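Scroll down for the structure; my scribbles are underneath it.
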């Protein structure tokens, strides 16, 4: 088994601030993902990475940067936090070696963002 | 691109009743389908997967059915209990070795004792 760790668990920021969220996985999975979860809007893909140093934009990449420094870690940066923004950011990973393993995603516990 | 519609958004049943959550999708070539469960304050937990080639999968207390002709995926809880109260999300693979899933908006299930 393995685990996905996200830090911090709660993040409070100010309008305009640059904020960084971190994700670590010890599954040795190839592919990692960042999603944003808003009430009533489901999960929306921000960025994903199929291997170290790779980055692929999702549907919601504007306003975010990402970095895959090594296979086990994937960071997300909110480039300029929006006032009154509240959302949960979920990190996920998948084996990514083909077939169902390329799509079967396992999720971390999430980071809850509040912008004052 | 692929679109996924999930119904109903909210569902309330009594303990012991059945509950059905349905997703419809648009891409006939979609092959992998997943159901996730999210308990309050927790993250998404993989509940079940079904392949286009198998069309049915069963777990403890629930069944996942895939109707390829109608492009419909359903999660059927046969005898709900309060521990099933959670949000449920379907997810459909995006074809072309994309490694991406499209998620439904979710169904909040409440099981009354």
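Protein chains in written order, with the numbering used here: chain A, 1 to 116; chain B, 117 to 229. We treat Cβ as the ideally placed atom computed from N, Cα and C, and that holds for glycine. This structure is a prediction, so every number in the text was calculated from the model and none was measured.
Can you give the beta carbon distance from residue 258 of chain B to residue 195 of chain B, rounded, assuming they're within the 8 Å contact cut? As displayed, chain B neither begins before 117 nor continues past 229, which places residue 258 of chain B out of reach and without an answer.
Tell me whether residue 38 of chain A is buried or exposed, calling it buried when 16 or more other Cβ atoms sit within 10 Å of its Cβ. exposed
For residue 210 of chain B, three-class secondary structure by DSSP: coil
Measure the C-alpha to C-alpha separation of residue 112 of chain A and residue 86 of chain A and round it to an integer number of angstroms. 7 Å
May I have the straight-line CA-CA distance separating residue 159 of chain B from residue 138 of chain B, to the nearest angstrom? 21 Å
Of the residues that make up the segment 75–106 of chain A, which ones have a beta carbon closer than 7 Å to any beta carbon in chain B? 90, 94, 96, 100, 102, 103, 104, 105, 106
For the pair the segment 125–140 of chain B and the segment 22–32 of chain A, tell me if three or more CB-CB distances fall below 8 Å. no
Interface residues of chain A around residue 159 of chain B at Cβ under 7 Å? 90, 107, 108, 109, 110
Which same chain residues, not among the five before or five after residue 210 of chain B, have their C-beta less than 8 Å away from its C-beta? 117, 118, 143, 146, 216, 217, 218
Residues that DSSP places opposite residue 44 of chain A in a beta bridge: A:36
Taking C-alpha atoms, which residue in A:6, A:14, A:5, A:8 lies nearest to residue 83 of chain A? A:14
Count the CB pairs spanning the segment 2–19 of chain A and the segment 40–55 of chain A that are closer than 8 Å, and state whether there are at least three. no
Spatially closest choice to residue 20 of chain A from A:88, A:77, A:32, A:109, by CA coordinates: A:77
What does residue 47 of chain A reach in chain B if we use C-beta pairs closer than 8 Å? Chain B residues near residue 47 of chain A: none, gap ~11 Å exceeds 8 Å.
For residue 184 of chain B and residue 61 of chain A, the rounded distance between their alpha carbons: 32 Å
Tell me the rounded alpha-carbon separation between residue 110 of chain A and residue 74 of chain A. 13 Å
Which residues does DSSP list as the beta-bridge partners of residue 123 of chain B? B:138
Residue 174 of chain B, enclosing beta strand (DSSP E) - first and last residue: 172–175
With C-beta atoms as the reference, is residue 66 of chain A less than 8 Å away from residue 34 of chain A? yes
Quick check on DSSP: helix, strand or coil for residue 102 of chain A? helix
For residue 96 of chain A, count neighbouring C-beta atoms within 10 Å of its own C-beta (all shown protein chains included) and say buried if the count is 16 or more, exposed if not. buried
Chain A contact residues for residue 148 of chain B, given Cβ-Cβ distances below 9 Å: 99, 100, 102, 103, 104
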